[in-house]
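Down below is the structure, laid out as structure tokens.
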Amino acid sequence: MDALSSFLADPWATFSAYWATVPSHVRILISFLITRTISGFIRRALAPRSDAGPARRGAVVEVTDAEAFKTKLEEAKKAKRLTVVDFTASWCGPCKRVAPQYAAMSLKYADVAFLKVDVDKASDVAKSAAVRCMPTFQFFKDGEKVDAMEGADAGKIESILLALGAAERHIPDPDEAAAEKNADAKKTE
Numbered sequence: 006m007d008a009l010s011s012f013l014a015d016p017w018a019t020f021s022a023y024w025a026t027v028p029s030h031v032r033i034l035i036s037f038l039i040t041r042t043i044s045g046f047i048r049r050a051l052a053p054r055s056d057a058g059p060a061r062r063g064a065v066v067e068v069t070d071a072e073a074f075k076t077k078l079e080e081a082k083k084a085k086r087l088t089v090v091d092f093t094a095s096w097c098g099p100c101k102r103v104a105p106q107y108a109a110m111s112l113k114y115a116d117v118a119f120l121k122v123d124v125d126k127a128s129d130v131a132k133s134a135a136v137r138c139m140p141t142f143q144f145f146k147d148g149e150k151v152d153a154m155e156g157a158d159a160g161k162i163e164s165i166l167l168a169l170g171a172a173e174r175h176i177p178d179p180d181e182a183a184a185e186k187n188a189d190a191k192k193t194e
């Protein structure tokens, strides 16, 4: 009987006979790799989805070029508003994780201007701001940069805001307002 016929006749016995001929150190390595692969699949399947949906919009304004960036900083300076700029990238995992928290802060601190700059779309702005990594957050007061931080630490962003004098003043979430409006429209139908 050839190998294929014996395998088809009794697969477990054929595999066991072959497995016994494999050196023990190779068997250990193969077993480890199979176990690790399966546990990785299970871990990913059971992990909570932090970026399952799109980030909340909040009151974050996206800046696409140097002129718009300069204009937004000037507007904030005239209004005497603290400004936070999130330098982000669409491919950046930590940027995606902190985006919903940043959007929530934009609703919590209504007197602060929250800007977002995609470094791939507005590379001139990122270069002039000397951005080295993503995410980078820069804080401006009276049009001048007063602080900066690198990394996706929402708690640190908020502590810098508070240290610079930001006060909580909530504004309604535009996404939630639209959802409520749609729900009200369905009720009246």
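Going by our numbering, the residue at position 130 of the sequence shown is 135; the numbering climbs one at a time, nothing skipped. Each residue gets a CB set at the ideal place from its N, CA and C atoms; glycine is no exception.
So, helix, strand or coil for residue i, using DSSP?
i, result
"D129", "helix"
"L120", "strand"
"E67", "strand"
"W4", "The first residue shown for the chain is 6 and the last is 194, placing residue 4 beyond what the model contains."
"L166", "helix"
"R137", "coil"
"S95", "coil"
"A104", "helix"
"A157", "coil"
"A84", "coil"
Name, in chain order, the residues that DSSP records as bridge partners for residue i.
i, result
"F144", "V89 and D152"
"V27", "For V27, which the question treats as bridged, DSSP gives no partner whatsoever."
"Y114", "R174"
What do you reckon, are the CB atoms on residue i and residue j nearer than 7 Å?
i, j, result
"L107", "D129", "According to the sequence shown, residue 107 is Tyr rather than Leu. In this structure, D129 does not lie closer than 7 Å to Y107 by Cβ."
"T69", "A127", "yes"
"Q143", "K132", "no"
"L87", "V117", "yes"
"Y114", "A64", "no"
"T19", "S10", "no"
CB-CB under 8 Å to residue i, same chain, minus the five flanking residues each way: which ones, in chain order?
i, result
"M139", "F92, T93, A94, C97, P99, C100 and V124"
Grab me the residues of residue i's own chain with a C-beta within less than 6 Å of its C-beta, minus the 5 sequence neighbours each way, in chain order.
i, result
"A159", "V103 and Q106"
"D56", "Note that D56 scores 43 on pLDDT, short of 50, meaning its location in the model is unreliable; the coordinates nonetheless yield the value given after this. K101."
"D147", "K82"
"L34", "none"
Apply the 10 Å Cβ neighbour rule to residue i and answer buried if 16 or more other Cβ atoms are within range, or exposed otherwise.
i, result
"G58", "With a pLDDT of 39 at G58, under the threshold of 50, the predicted position of this residue should be treated as unreliable, though the coordinate-derived value follows. Flag for G58 reads exposed."
"A25", "exposed"
Enumerate in chain order the residues of its own chain whose CB-to-CB distance from residue i is below 7 Å, with the five nearest sequence positions on each side excluded.
i, result
"K161", "M154"
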